[in-house]
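Numbering (my numbering), first residue to last: 382 to 698. Even glycine gets a Cβ: it sits at the ideal position worked out from N, Cα and C. Being a predicted model, the structure only gives us computed values, none of them experimental. See below for the structure under consideration.
Structure below.
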């Protein structure tokens, strides 16, 4: 199975500066993708293709060619996801925001890993010259074959390493099914065919959300009284990033514990499939001020098919 590990690293000051520069260049690649897509649409009225996008970004940026392609692929994925969401009736926007920084990714031949924790990241050729690789060190390598390395920023530069751990999912031989309902106060409420049920509270997650929003609102009020870019404004901005990073880790931990508890319950009750409802759109046309006597043309089949059951297979890992 593919797993991901986020880890800090050690490197020289020069290498750190070059890594920051890589993320800045990746941001320029993203902005170039936006420009090419806009130009193509204005000229032809069609979307830019994958090959045309890669051709338009080839050889003009001082980072590895696979890193440039990874940014192009992320743009295409975001565009296609927005298109799919809009077809489903949502109001998602196509990618349009320019970026100053963007995560840089190395894959396949873009990096070398040594047993002593040394990692060598290639930045390829630029203007006909081979650039010096980036050398950094991590405390412990993941136990498995490394597939990709991504440079991310979480209050500091870190590496997100995707690797193959060599394990395979066991075959699920259970026969029972379970229905699940997710919510805010109770994160999971489920019942199985054998009559067993479980309710997992979500009050901790809601408390984390509320505390985060309260602190962010307080910092935002203070930032609005400062000149943007001043020393005090930057202090508040750093505090804001700290609150967001800490709350994200708390939410991730709470959600992991919740899903682990639910999966353990499913394994204990020999549950093979979990069904949950897709109630997207149920809240529409339910305002007390706009009650209707009967269905109209605007209601569409959405008012009839309020719940669509989907099944999710569980693997005993």
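By the Cβ-count criterion, residue 605 is exposed, with fewer than 16 other Cβ atoms from all chains shown falling within 10 Å of its own Cβ. In this chain, residue 501 is not harboured by any alpha helix (DSSP H); it is covered by the beta strand (DSSP E) spanning 499–502. Following the DSSP letters along the chain, one finds residue 585 inside the alpha helix (DSSP H) bounded by residues 584–605. Judged by their CB atoms, residue 443 and residue 459 are not nearer to each other than the 8 Å cut-off.
When only Cα atoms are considered, residue 584 and residue 596 end up about 18 Å apart. A direct Cα-to-Cα measurement between residue 628 and residue 524 gives close to 29 Å. DSSP, read as helix, strand or coil, puts residue 531 in strand. Distance from the CA atom of residue 593 to the CA atom of residue 633, rounded to whole angstroms, is 14 Å.
Contact between the stretch 476–494 and the stretch 530–544 is present: three or more C-beta pairs spanning the two stretches fall below 8 Å. Residue 655 is a Cβ neighbour of residue 561, given a cutoff of 8 Å. Restricting attention to 472, 473, 538 and 638, the CA atom closest to the CA of residue 392 is found in 538. A residue is called buried when at least 16 other Cβ atoms come within 10 angstroms of its Cβ; residue 623 does not meet this threshold and is exposed.
Contact between residue 651 and residue 556 is confirmed by a C-beta separation of about 7 Å, below the 8 Å threshold. Between the stretch 408–419 and the stretch 568–580 there are fewer than three inter-stretch CB-CB distances shorter than 8 Å, so the stretches are not counted as touching. If you draw a straight line from the Cα of residue 567 to the Cα of residue 639, it comes to about 11 Å. Beyond the five residues adjoining it in sequence on each side, residue 499 comes within less than 6 Å, by CB distance, of 518 in the same chain, given in chain order. Residue 563 is positioned such that its CB atom lies no closer than 8 Å to that of residue 522. Straight across, the Cα-Cα distance linking residue 384 with residue 550 is about 13 Å. Bridge partners of residue 562 according to DSSP: 570. Note that the stretch 427–447 touches the stretch 501–508; at least 3 beta-carbon pairs, one per stretch, sit closer than 8 Å. In the DSSP assignment, residue 387 is bridged to 541. When the beta-carbon positions are compared, residue 451 and residue 478 stay at least 8 Å from each other. Boundaries cannot be given for residue 651, as no alpha helix (DSSP H) includes it and DSSP labels it neither H nor E.
Looking at 615, 416 and 657, the one whose alpha-carbon comes closest to that of residue 434 is 416. If the five residues before and after residue 589 are omitted, its C-beta is found closer than 8 Å to the C-beta atoms of 628, 631, 632 and 635, all from its own chain and listed in chain order.
By the neighbour-count definition (other C-beta atoms within 10 Å, threshold 16), residue 426 is an exposed residue. The beta carbon of residue 466 sits closer than 6 Å to the beta carbons of 473 from its chain, once the five residues preceding and following it are set aside; these are given in chain order.
Per the C-alpha coordinates, the member of 503, 614, 575 and 546 positioned closest to residue 516 is 503. DSSP places residue 458 in the uninterrupted alpha helix (DSSP H) bounded by 446–468.
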